[in-house]
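Trainee:
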Amino acid sequence: MFIPIVLGTSRKDNQSLIAADYIFKKVQEAGIETVLIKTGEFVSRAITTESLSEEKNKAWQETMQKAQGLIVVAPEYNHGYPGELKLLLDQLYPEYHYKPLGIVGVSSRLSGGLRMAEQLRLVGVALKMTPIYPSVHFMEMKEKTEKDFRDDAKLNQAIQSLFDELKKIIDSKK
């Protein structure tokens, strides 16, 4: 089973990377093949109208053709998801069809990226993906470390539930 993880922001020194690294480790611990894809390696924040380079687009396409599902870890910016994540997702279409989409929200506040997750769920439906419910939420990130995540039983239970749902959907298609 191969499930890539997308870090949905390219801002420098972002707290979402800490959450994405933790999810990446948890996916590996679950015995799932994965890779951490940083949108900043594919899409520049300065680009707003251009597609990815042919080379980057091919790499993204090959990743999604191989993938049985996708997990997106993204912050909430102004009640939505980052533009660079939208640019990355918009490069493909049939490669997403009928694959489960795990959504992990990140926020410096109590919302934990809830509104971003709601919006991204709708994008997933439009891409013919199967968004997993419920999503996972990392809250008050300015004060958190990986140790805080390891000690948070509710967070780890939510992560395990996300993995279980991803596996159920993938297994149902065999």
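Count the sequence shown with the working numbering and you get residues -7 to 166, in order. For glycine and all other residues, C-beta sits at the position ideal for the given N, C-alpha and C.
Using the three-state DSSP reduction, which class does residue 55 fall into: helix, strand or coil?
Mentor: Note: residue 55 maps to helix in three-state DSSP.
Trainee: Checking the sheet assignment: what are the DSSP bridge partners for residue 123?
Mentor: Answer by DSSP bridge pairing, in chain order: 93.
Trainee: Just to confirm before moving on: does the CB-CB distance between residue 76 and residue 35 stay below 7 Å?
Mentor: Yes, they are a contact pair.
Trainee: When the Cα of residue 97 is compared with those of 90, 111 and 86, which residue comes out closest?
Mentor: Among 90, 111 and 86, the Cα nearest to that of residue 97 belongs to 111.
Trainee: Quick check: what's the CA-CA separation for residue -5 versus residue 11?
Mentor: Going from the Cα of residue -5 to the Cα of residue 11 covers about 16 Å.
Trainee: Would you say residue 2 and residue 31 are within 7 Å of each other, going by their C-beta atoms?
Mentor: Against a cut-off of 7 Å, the Cβ pair of residue 31 and residue 2 comes out as a contact.
Trainee: Any idea what DSSP makes of residue 30, helix, strand or coil?
Mentor: Of the three classes helix, strand and coil, the one that applies to residue 30 here is strand, per DSSP.
Trainee: Kindly list the residues whose CB is nearer than 7 Å to the CB of residue 102, restricted to its own chain and excluding five residues on each side of it in sequence; keep chain order.
Mentor: Same-chain partners within the cutoff: 131 and 132.
Trainee: Looking at C-alpha atoms only, which residue of 27, 70 and 46 is the closest neighbour of residue 55?
Mentor: The candidate whose alpha carbon is nearest that of residue 55 is 27.
Trainee: For residue 144 and residue -2, what's the separation of their Cα atoms in angstroms?
Mentor: Those two C-alpha atoms are separated by around 23 Å.
Trainee: For residue 88, which residues from the same chain have a beta carbon less than 6 Å from its beta carbon, with the 5 sequence-adjacent residues on both sides left out?
Mentor: Here the set comprises 119 and 121.
Trainee: Using a Cβ-Cβ cut-off of 7 Å (strictly less than) and excluding sequence neighbours within five positions of residue 162, which residues of its own chain qualify?
Mentor: Cβ neighbours of residue 162 beyond the five flanking positions: -7, 60, 61 and 92.
Trainee: Among all the DSSP beta bridges, which residues are the ones paired with residue -1?
Mentor: According to DSSP, which records beta bridges pairwise, residue -1 is partnered with 30 and 65.
Trainee: Please go through the same chain and pick out, in chain order, the residues whose beta-carbon is closer than 6 Å to the beta-carbon of residue 150, but skip the five residues on each side of it.
Mentor: Here the set comprises 128.
Trainee: For residue 18, is the classification buried or exposed, using 16 other Cβ atoms within 10 angstroms of its Cβ as the cut-off for buried?
Mentor: Residue 18 should be labelled buried.
Trainee: Taking the alpha carbon of residue 169 as the point to measure from, which residue in 160, 66, 139 and 21 has its own alpha carbon closest?
Mentor: Nothing about residue 169 can be read from this structure; the chain reaches only from -7 to 166.
Trainee: Return the CA-CA distance between residue 116 and residue 45, expressed in angstroms with no decimal places.
Mentor: Approximately 23 Å between the Cα atoms of the pair.
Trainee: Grouping DSSP H, G and I as helix and E and B as strand, with all else coil, what is residue 116?
Mentor: Helix at residue 116.
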